[in-house]
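So the structure is just underneath, and the comments pick up after that.
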Amino acid sequence: MKNNLFELKQEDKYILLKILVNKIDASNALELKQMFLSFKDHPEYPKNLILNISEVKYIDSSGLSAILVAHKVSLESNGIMILCGTSEHVMKLVKISQLDKILDLLPTEEEAIDAIFMKELEKEFGTDDEIVE
């Protein structure tokens, strides 16, 4: 699915959502929030989300709030949300608001995809921390 604001690709283990505009603010954050919340109505969707914001150069509190909604929806469905492609300016705001402590942040879309697959393998086979008897 694609519109002027984002492009959405559904893969087997994740949804890749690429923001196509250079700012996320009060003018478009509500549309993003509604879209993230709509994922709950589609249990057939993958539970993991990669949010690529490499085109975004400006974000305000409304935009950060939309990202938090995406994070919450993923967590509630036992998935993960990875934010990737964060510009220097956006990363400053993420750090100032201390969202870097709760969000999974990776530099590139490729690294985010790899992280999703690693997480899925951990879920399927367990982690090294588990004791096998």
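Just add 16 to the spot in the sequence shown (first one is 1) and you have this note's numbering. Note that CB positions come from ideal geometry on N, CA and C, so glycine has one too. Just so we're clear, the structure is a prediction, and the values are computed from it rather than from any experiment.
Measure the C-alpha to C-alpha separation of residue i and residue j and round it to an integer number of angstroms.
i: Ile96; j: His105; result: 24 Å
i: Ile66; j: Ile75; result: 18 Å
i: Asp116; j: Val37; result: 22 Å
i: Asn142; j: Ser43; result: First, the amino acid is wrong: residue 142 is Gly here, not Asn. Rounded to the nearest angstrom, the two C-alpha atoms are 43 Å apart.
Mind checking who residue i pairs with in its DSSP beta bridge?
i: Ile83; result: Answer is none; Ile83 lacks a bridge partner.
i: Gln26; result: Ile31
i: Met107; result: Per DSSP, none; premise fails for Met107.
i: Met97; result: Leu65
i: Ile132; result: None; Ile132 has no bridge partner.
i: Asp120; result: Ile98
i: Ile75; result: Ile40
Who are the Cβ neighbours of residue i in its own chain at under 7 Å, not counting the five residues just before and after it?
i: Thr102; result: Ile69, Val110, Leu121
i: Glu71; result: Ile35, Leu36, Val37, Asn38
Which of the three DSSP states, helix, strand or coil, is assigned to residue i?
i: Leu48; result: helix
i: Lys18; result: strand
i: Ile40; result: strand
Going along the chain, which residues of its own chain have a beta-carbon closer than 8 Å to the beta-carbon of residue i, five neighbours each way excluded?
i: Ile147; result: Residue confidence is low: Ile147 scores 49 on pLDDT, short of 50, so the model does not pin down where it sits. No coordinate-derived value is stated.
i: Leu91; result: Met97
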